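Visitor: Quick one: structure below, then a few questions.
2 protein chains.
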Amino acid sequence: MERDVYLRNVELNKAFSLWIDACIQAGVSFPLESEEVKVSDSLSRVTADEIFAKMSSPPFVSSAMDGIAVKSDMTKGASESNPIRLKVGRDAVFVDTGDPIPAGFDAVVMIEDLSRVGEDILEIIKPVYPWENIRPVGEDIVQTELVLPAFHVIRPPDIGALLNAGYATVRVVRKPVVSIIPTGTELVDDPADADDEKVVESNSRVLSSMVSSWGGSPIRFDLIPDDERVIESSFIKALENSDMVIINGGTSAGSEDFTAEIISRYGSIIVHGVGMRPGKPVVLGVCGRVPVVGLPGFPLANFRAAEQFVIPVVRNFLGLGSPSARKVEAFLARKVFSSIGFEEFVQVKIGKVGQRIIALPLKRGSGVLMSLVRSDGVLRIPAGIEGYEKGRKVTVDIYEPDFDIDGNILTVGSHDVSIDILASFLSRKNPRLRLASVNVGSIAGLLAVKNREGHIAGVHLIDPETGKYNLSYVRRYLHGEKYAVFRFASRTQGLIVKKGNPKNIKSIEDLTRSDLLFVNRQKGSGTRILFDLLIGSRGIDPSLVSGYESEVPTHTMVAAAVARGSADAGLGILAAARSLGCDFVPISEEKFDLVTLKDFAEGESFSAIIEVLKDPEFRKRVESLGGYDLSEAGELVLTE
Amino acid sequence: MERDVYLRNVELNKAFSLWIDACIQAGVSFPLESEEVKVSDSLSRVTADEIFAKMSSPPFVSSAMDGIAVKSDMTKGASESNPIRLKVGRDAVFVDTGDPIPAGFDAVVMIEDLSRVGEDILEIIKPVYPWENIRPVGEDIVQTELVLPAFHVIRPPDIGALLNAGYATVRVVRKPVVSIIPTGTELVDDPADADDEKVVESNSRVLSSMVSSWGGSPIRFDLIPDDERVIESSFIKALENSDMVIINGGTSAGSEDFTAEIISRYGSIIVHGVGMRPGKPVVLGVCGRVPVVGLPGFPLANFRAAEQFVIPVVRNFLGLGSPSARKVEAFLARKVFSSIGFEEFVQVKIGKVGQRIIALPLKRGSGVLMSLVRSDGVLRIPAGIEGYEKGRKVTVDIYEPDFDIDGNILTVGSHDVSIDILASFLSRKNPRLRLASVNVGSIAGLLAVKNREGHIAGVHLIDPETGKYNLSYVRRYLHGEKYAVFRFASRTQGLIVKKGNPKNIKSIEDLTRSDLLFVNRQKGSGTRILFDLLIGSRGIDPSLVSGYESEVPTHTMVAAAVARGSADAGLGILAAARSLGCDFVPISEEKFDLVTLKDFAEGESFSAIIEVLKDPEFRKRVESLGGYDLSEAGELVLTE
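Given below as structure tokens:
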């Protein structure tokens, strides 16, 4: 085809150093020049130089106590049997804490150790040593001493130290101005303008907030269409007043070409395509003395590429090293694949199951920003490796350095809308507890609990032989373990159909009609097992159900597919149908249970969960979704 | 005496919960009400409620690739030997990544897999499955799904998720307004106005920046004198428009009484005096629906009390828990005492020496803000404990969660100005390496190296028998160890005297003159050993040297005492004299050496130090201080 789809995939670290070297060669100034700011406005700014004290603190010999300044010689030998009297004004001077010590005096007697015996006469019964209760000059800071090193991020106490060291203003590194140009014909600024062809531009907003949280000064340009001349004119404007320029591309490969074309017109491209995933279609260049980056349009790719290229340069401009993440060693709960030649970034949830820290990989598509929002950290798989086996010990970079692993509860297994509500109630009850649900289907959930890769499995599995739910599966998959099964809810499964049921779908049998398109759930999910049982017991061959191969991983995605018209029907729960304005044809009642090992069931976190399950407020809230009966929620169904 | 010096020392946690309970009783609203802000301005704000998606992302079935949308049925059986032709417009429609899939099409063929064989005719040689290369509706976010929980601090990717979920604005918790009233007759705003009686007001600046970094909105009132009526009028104004009011007291006990008096006039005092050190003189009250805090005036006490009382309330107002620090287990390098009945906060430096993490306690006086600036974390000693033994394993709360322990180099031993300069050069060379110097004197430094409580000892110890420096001490104190001694500098010790030497001091013998006041160094310091040797060899009895008992821990503090007139002379180095504008009477040349165990000497960090010691820039800089000769700097003097 005519389009150039070739990208050079330079290894990530090499791409960065090639680019930075080219920037330095071109005269980009790392760090930037300094500017003077008021100390009281200097929080989080970066010192441009070593700062030595201009003044001592305390600047004079001062009293460390409220009391009287005395000449220590005169107090020698004082005792209860030999009290010594001092005349105020001559032998003693009242001082408050912090007051300068008058000349000629060399110690302070605390106010508690005095008694007044006449108008101006005080009595003491203990001697004081020379310099007792006196703060020497510079006890805190001595003039000329180093207060703060160069390239230090100013924290609250530093502000106090600077003022006490005699500084009203301080030289800091100027904040780098980062211009961000959002492009994309398919994009709109306001979510209200999104429709069936337009989506919201969010990358520039994420990037702006990244730049400002790392100490830069972002300028977000107006959103413009994928039009080379329009982009070029914004770019020229940006180049004039910026320390760095970012072109946020659209999602199509064509958009990337515009960016590359424009950059090479005003400077040079150093790297086009980086061996990382997501984030591959990065363009790194330098125009004049301005580093320029073309970022890919998919949200997760945009974020990861910005994190690897934009933020480190913001930090270089400030004279700081690249941000370093807190690292945690964890056992991988699932095998992850990785492409040779690409450093892969895999979002993970972290949890402590028993004594082990577990890393649970989340979705990786470059479009799935929520996998970033929901994750606790990222696993980086080097370019030369094809992936990691399940159970391998890996190092995870944690996003929030004060992240509390013990507070994370990993719920794996089947997806249910009400688990989000359970999570909310739990966190409001105890902010430390965060219930994360990772949707892998009921059977994988049971296996995860058995293998200590998750705390709780949410399951709804019908036994084809007995028509009963869950217990036979639990007995089989958790054989040999000490476990407990608690009822969560009874809920109604049925066919989710368009509002008004325009195609008049009434039963499972209707799904073989040639005018209907079905949307299925993934293998191993309870709903898929139910569906296969429903068609199997009716003797329906899957190939007769058009759309049987199209799988989505959640109830709500089934409902969304139906609501948006990309399918006519799917099997799912009433709550999902209702929340997306679909109609619903009830098919069967099922039991949704929570399965956990006994150790965890007996702990504090699980007690808090049981409390929520029994909370009438919680039950009312879930039942209001429709199709739920929580009257047995929190009851122990089976234990072994 | 007339003044009320009685404080009730309520245990810290109890004080906090008594106060919070009283606040809740009084109707203080935790969390505050919500307000609507633009999503693009919502970074670091706190969600006021669960946020469920209003819109799916992608909102429609869309292409995951650049290519053509096709009907998968038509591609069945395509192969190299059986290419299938498709007519653009009828069988195939060009789509870019992210474009909606036109109705009737159910898969995408990637552009790389196409060849054009005629004007509108494309050929493919591989089939596609139904839904291949297609992003389902809601692949990222499904309408109605939970995007962010309640009371969640919004991070950059969350901003993207909110926009994609259909939100242009978001409900966040209003920022609490915290009014801060700085009081103190002894204080001035501008460091330029500080003199022999006035010191700079810094507490309100530190506190303001603490409040804003934890999400509050500080209002700093004008600095006012310790005058009850003036304070009262600021306080009334503050009460009207604030969610919390802080009175930052002066340093004297009298000031605290004003605060308590005023608070009880407009509301009630819940706690007066907390069992913590520093920070004891805290007043906690509630006036109407406004929590009120009186904070002590000493900088470190002010900080610790604010950290324990003000910040947790700011967080409560936001619906967040108290900040949790990263904890590190470390071995205590020195015994620390603690008073029964007080929870003690001890600033520590942290370093990894060999395989052990060491915590080195720093100064604790409530006035020494620099010990906070220089420390890496804090050790909290519970109220019921008299202290911890040296070598005990303790838990340290680290301030910076991404603090890199391995980059810390602990230099213990004698103080020398040039070590600060070495630290600066080293960090500029490698920002990871931070050389911290803890001044304990030469001999304690040697012991610390022997006991693996520090990496490097700076020593200058004269052998009274030979008049030679350091090596005999190293052999004795490090006997049995593998060590290395490197030359740092030769430097000149002498008498630091006032500018112009007004008292005409010419020799050690002059120090016995009755018109002279001496300032001494602490026992165990090299300079003290030198001084005792100097007077001993001259047969001078210490009691004849007036001021012999007055000890300060550094050369610069000696010079500062002389410069400020609180002493006439002290023994110290030329650089210290010169930096504080004093005159200098040279007495002797000495060798300042760096001593370390061989393991550390052979590591990367120490190589970087040696490189700096040999750097002509560095030598020039240190020699410019005066009295230094660095021509042998970095040379190995002794190894064992």
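Protein chains in written order, with our numbering: chain A, 5 to 644; chain B, 5 to 644. By construction, the Cβ of each residue, glycine as well, lies at the ideal position given by its N, Cα and C atoms. Model, not experiment: these values are computed from the prediction.
Leaving aside the five residues before and after S592(B) along the sequence, list all residues of the same chain whose C-beta is less than 6 Å from its C-beta, in chain order.
Guide: As a working note, residue 592(B) is residue 588 in the second sequence. Same-chain partners within the cutoff: Q497.
Visitor: Going along the chain, which unbroken runs of the alpha helix (DSSP H) with 4 or more residues stay wholly within the stretch 364-413 of chain B?
Guide: You should have 373-378.
Visitor: Given this structure, state the Cα-to-Cα distance separating Y10(A) from E116(B), to the nearest angstrom.
Guide: One-based indexing of the first sequence puts residue 10(A) at position 6. One-based indexing of the second sequence puts residue 116(B) at position 112. Residue placement at Y10(A) is poorly supported in this model, since its pLDDT is 34, which falls under 50; the coordinates still yield a value, given next. Whole-angstrom Cα-Cα distance: 10 Å.
Visitor: For T650(A), which residues does DSSP report across the bridge?
Guide: Outside the modelled stretch of chain A, which goes from 5 to 644, sits residue 650(A), for which no answer is possible.
Visitor: Would S177(A) and D247(A) qualify as a contact pair, given that the criterion is a beta-carbon distance under 8 Å?
Guide: On the first sequence, residue 177(A) is found 173 positions in, with the first residue counted as 1. On the first sequence, residue 247(A) is found 243 positions in, with the first residue counted as 1. Inspection of the sequence shows that residue 177(A) is occupied by Val rather than by Ser. Contact: no.
Visitor: Please report how far the alpha carbon of R330(A) lies from the alpha carbon of I129(A), in whole angstroms.
Guide: As a working note, residue 330(A) is residue 326 in the first sequence. As a working note, residue 129(A) is residue 125 in the first sequence. Looking at the two C-alpha atoms, the distance is approximately 58 Å.
Visitor: Am I right that G323(A) and P131(A) are in contact with their C-beta atoms under 8 Å? What's the rounded C-beta distance?
Guide: The residue given as residue 323(A) occupies position 319 in the first sequence. The residue given as residue 131(A) occupies position 127 in the first sequence. Not quite, the Cβ-Cβ distance comes to about 54 Å (not below 8 Å), so this is no contact.
Visitor: Does any C-beta atom of chain B lie closer than 8 Å to the C-beta of W135(A)?
Guide: Start at 1 with the first residue of the first sequence, and residue 135(A) comes out as number 131. Closer than 8 Å to some Cβ of chain B, the Cβ of W135(A) qualifies, so yes.
Visitor: Using a C-beta to C-beta distance shorter than 7 Å, which residues of chain B count as neighbours of E54(A)?
Guide: Translated into positions along the first sequence, residue 54(A) becomes position 50. Here the neighbours are S428.
Visitor: When the Cα atoms are used, what is the spatial distance from R7(B) to T263(B)?
Guide: Sequence index remark: in the second sequence, residue 7(B) carries index 3 (1-based). Sequence index remark: in the second sequence, residue 263(B) carries index 259 (1-based). Low local confidence applies: a pLDDT of 36 at R7(B) is under 50, so the model's placement there is unreliable, with the coordinate-based value given in what follows. Each residue's alpha carbon lies about 14 Å from the other.
Visitor: Taking CB distances under 8 Å as the criterion, tell me whether V141(B) reaches chain A.
Guide: For the purposes of this step, residue 141(B) is taken as residue 137 along the second sequence, with counting starting at 1. Closer than 8 Å to some Cβ of chain A, the Cβ of V141(B) qualifies, so yes.
Visitor: What is the DSSP secondary structure of C27(A), counted as helix, strand or coil?
Guide: What you label residue 27(A) is simply residue 23 of the first sequence in a count that begins at 1. C27(A) falls in the helix class under three-state DSSP.
Visitor: Just to confirm my understanding: we take G345(A), look at its own chain, exclude 5 residues before and 5 after, and list those with CB closer than 7 Å. What are they?
Guide: Taking the first sequence and counting its residues from 1, the one referred to as residue 345(A) is at position 341. Counting only Cβ-Cβ distances below 7 Å, and skipping sequence neighbours, we find N13, G279, A387.
Visitor: Does T51(B) have its Cβ less than 8 Å from a Cβ in chain A?
Guide: Start at 1 with the first residue of the second sequence, and residue 51(B) comes out as number 47. Chain A contact via Cβ: absent.
Visitor: Starting from G576(B), follow its DSSP beta bridges and name the residues at the other end.
Guide: Here the question's residue 576(B) lines up with position 572 in the second sequence. G498(B).
Visitor: Helix, strand or coil: which one does DSSP assign to P285(B)?
Guide: On the second sequence, position 281 is the one that residue 285(B) refers to. The answer is coil: DSSP assigns P285(B) none of H, G, I, E or B.
Visitor: Just to confirm my understanding: we take I544(A), look at its own chain, exclude 5 residues before and 5 after, and list those with CB closer than 8 Å. What are they?
Guide: Position 540 of the first sequence holds residue 544(A). I512, E513, L515, T516, listed in sequence order.
Visitor: My assumption, with CB atoms under 8 Å, is that R266(A) sits in contact with E311(A). Please give the rounded CB distance.
Guide: Locating residue 266(A) in the first sequence gives position 262, where the first residue counts as 1. Locating residue 311(A) in the first sequence gives position 307, where the first residue counts as 1. Before going further, note that residue 266(A) is Ile rather than Arg in the sequence given. With 8 Å as the limit, I266(A) and E311(A) do not qualify as a contact, their Cβ atoms being about 24 Å apart.
Visitor: Using C-beta distances below 6 Å, list every residue in its chain close to A19(B), excluding the 5 sequence neighbours before and after it, in chain order.
Guide: Locating residue 19(B) in the second sequence gives position 15, counting from the first residue. V275, V278, listed in sequence order.
Visitor: Rounding to the nearest angstrom, what Cα-Cα distance links V442(B) and G462(B) in this structure?
Guide: Residue numbering aside, residue 442(B) sits at position 438 when the second sequence is read from its first letter. Residue numbering aside, residue 462(B) sits at position 458 when the second sequence is read from its first letter. Approximately 10 Å between the Cα atoms of the pair.
Visitor: Mind listing the chain A neighbours of T516(B)? Cutoff is C-beta to C-beta under 9 Å, in chain order.
Guide: Taking the first residue of the second sequence as position 1, residue 516(B) is located at position 512. Near T516(B) there are no residues of chain A at all, since even the closest Cβ is about 17 Å away, more than 9 Å.
Visitor: Can you give the Cα-Cα distance for D70(A) and F98(A), rounded to whole angstroms?
Guide: Taking the first sequence and counting its residues from 1, one reaches residue 70(A) at position 66. Taking the first sequence and counting its residues from 1, one reaches residue 98(A) at position 94. When rounded, the distance between both Cα atoms is 8 Å.
Visitor: Where do the N-terminal and C-terminal ends of the alpha helix (DSSP H) with D536(B) fall, by residue?
Guide: Indexing the second sequence from 1 puts residue 536(B) at position 532. Element bounds for D536(B): 530-541.
Visitor: Using a Cβ cut-off of 8 Å (strictly closer), state whether F155(A) contacts chain B.
Guide: What you label residue 155(A) is simply residue 151 of the first sequence in a count that begins at 1. Chain B contact via Cβ: present.
Visitor: Compare the C-beta of E149(B) against all C-beta atoms of chain A and say whether one is closer than 8 Å.
Guide: Translated into the one-based positions of the second sequence, residue 149(B) becomes position 145. Yes, its Cβ sits closer than 8 Å to a Cβ of chain A.
Visitor: So for A337(B), helix, strand or coil by DSSP?
Guide: Residue mapping note: residue 337(B) aligns to position 333 of the second sequence, counting from 1. Note: A337(B) maps to coil in three-state DSSP.
Visitor: Mind listing the chain B neighbours of Y171(A)? Cutoff is C-beta to C-beta under 7 Å, in chain order.
Guide: Residue 171(A) sits at position 167 when you count from the first residue of the first sequence. Going along chain B in sequence order, the residues near Y171(A) (Cβ under 7 Å) are P195.
Visitor: Using the three-state DSSP reduction, which class does R89(B) fall into: helix, strand or coil?
Guide: As a working mapping, residue 89(B) is identified with position 85 in the second sequence. Note: R89(B) maps to strand in three-state DSSP.
Visitor: Quick one, are the C-beta atoms of L414(B) and V350(B) less than 8 Å apart?
Guide: For this step, residue 414(B) is matched to residue 410 along the second sequence. For this step, residue 350(B) is matched to residue 346 along the second sequence. Result no, Cβ atoms of L414(B) and V350(B) do not sit closer than 8 Å.
Visitor: How many whole angstroms separate the CB atoms of L376(A) and P365(A), which I take to be in contact at a CB cut-off of 8 Å?
Guide: Counting from one through the first sequence, the residue named residue 376(A) turns up at place 372. Counting from one through the first sequence, the residue named residue 365(A) turns up at place 361. With 8 Å as the limit, L376(A) and P365(A) do not qualify as a contact, their Cβ atoms being about 13 Å apart.
Visitor: State the start and end residues of the unbroken beta strand (DSSP E) segment that holds I250(A).
Guide: As a position in the first sequence, residue 250(A) is number 246, starting the count at 1. Element bounds for I250(A): 248-252.
Visitor: Among N524(A), P300(A), K241(A), which residue has its Cα nearest to the Cα of G258(A)?
Guide: As a working mapping, residue 258(A) is identified with position 254 in the first sequence. That would be P300(A), whose Cα lies nearest to the Cα of G258(A).
Visitor: In the stretch 360-373 of chain B, which residues sit with their C-beta less than 8 Å from some C-beta in chain E, listed in chain order?
Guide: Going by chain labels, chain E is absent from the structure shown, which instead holds the protein chains A and B.
Visitor: Strictly by DSSP, which residues pair up with R120(B)?
Guide: For the purposes of this step, residue 120(B) is taken as the residue at position 116 of the second sequence. Looking at the DSSP assignment, R120(B) forms a beta bridge with L126(B).
Visitor: So V74(B) packs on D95(B), CB below 8 Å; how close in whole Å?
Guide: Along the second sequence, one-based indexing puts residue 74(B) at 70. Along the second sequence, one-based indexing puts residue 95(B) at 91. About 7 Å; that satisfies the 8 Å criterion.
Visitor: Hey, how far is the Cα of D401(B) from the Cα of D603(A)?
Guide: One-based indexing of the second sequence puts residue 401(B) at position 397. One-based indexing of the first sequence puts residue 603(A) at position 599. If I take the Cα positions, the gap works out to 30 Å.
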